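> I have a structure I would like to understand better, so I am pasting it below and will then ask my questions one at a time.
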Amino acid sequence: MQKAAAPLMIPVRSVRPSPLASVHAAEGFAARMALRRSVRDFSPDPVPEGVVEAAIRAAASAPSGANVQPWRFVVVTSPARKRRLREAAEAEEREFYSRRAPAEWLDALAPLGTDWRKPFLEVAPVVIVVFEVHQGPHSPKPYYVKESVGIAVGLLIAALHHAGLATLTHTPSPMRFLNEVCDRPPEERPYLVMPAGYPAPDARVPMVSRKPLDEVMVRC
């Protein structure tokens with residue numbers, strides 16, 4: 001068996017900030033992200049040209065298993081396609097809320113005020129459908145797919161928030177209808193749906209709190 005060629009190694013491009021600048025940068029980012037909320041009421045106003053592309057470019061810089069980069073970001077802006085997406089998602093969600101969801105899950109969702117209705121899929125100016133890319137005719141075998149795509153989605157949320165846009169992570173169940181709506185091949189498996197845009201002027205979000213640092217961080 002032929003041994004794989006060693007990769008070309010290049011210097012790390014990095015500027016080491018002063019300790020004070022490093023702390024300020026981390027604290028500033030944390031403070032900005034603390035303002036992020038999942039929004040369900042969007043304005044139909046268009047987003048500036050290039051914002052979504054730059055955010056996806058940031059997401060696609062995420063680390064991935066064996067650098068296979070097993071993700072696809074489908075940007076949906078067509079009103080007709082967004083309507084199809086909403087109708088298909090609501091059909092699945094009606095079944096989920098009325099038949100498939102366990103009572104404890106519905107009880108956990110109750111304080112957030114969610115139900116099968118998903119108007120944000122049609123109102124938001126942009127809907128990004130994220131797919132995992134598995135092995136297929138034109139794609140290699142991926143490794144750590146869910147972990148890799150999850151990291152990329154985290155970067156996407158942060159990039160869009162940094163640009164002043166609101167987002168929502170939506171995971172209808174099941175999601176295979178998204179392949180048909182988005183014209184994607186079988187080896188691409190839906191991961192989540194993310195509407196993005198500006199909040200509606202009258203948008204409201206549930207009053208929730210985050211766990212304090214000493215509950216989520218452990219030193220050892």
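Residues in the sequence shown are numbered from 1 upward in steps of one, following the UniProt record's numbering. Each residue gets a CB set at the ideal place from its N, CA and C atoms; glycine is no exception. In this text, all values refer to a predicted model and were calculated from it rather than measured experimentally.
Quick check on the DSSP output: what are the complete beta strand (DSSP E) runs of length 3 or more inside the stretch 64-113, in order along the chain?
Counting only runs of 3 or more, we get 71-76.
> Using the C-alpha atoms, what's the distance from E104 back to A110?
10 Å
> Give me the residue from A89, K211, W71, V181 with the minimum Cα distance to residue 223.
The question about residue 223 has no answer, for the chain in this structure spans 1 to 220.
> Using 8 Å as the threshold, is the stretch 37-54 in touch with the stretch 188-201, meaning 3 or more CB pairs across them?
yes
> Alpha carbon to alpha carbon, how far is N179 from A152?
20 Å
> Which of the three DSSP states is assigned to E132 in this structure?
strand
> Taking the Cβ atom as the reference point for each residue, do L192 and H162 lie within a distance shorter than 8 Å?
no
> My assumption, with CB atoms under 8 Å, is that V126 sits in contact with V52. Please give the rounded CB distance.
6 Å
> Can the beta-carbon of S148 be found closer than 8 Å to that of A62?
yes
> Checking 8 Å against the spacing of the C-beta atoms, do V145 and R81 come in under that value?
Against a cut-off of 8 Å, the Cβ pair of R81 and V145 comes out as no contact.
> Do A59 and L156 have their CB atoms nearer than 8 Å?
yes
> What is the rounded straight-line gap between the Cα of D45 and the Cα of V12?
40 Å
> Taking the C-alpha atoms as reference points, what is the distance between F73 and L213?
Between the alpha carbons of F73 and L213 lies a distance of about 32 Å.
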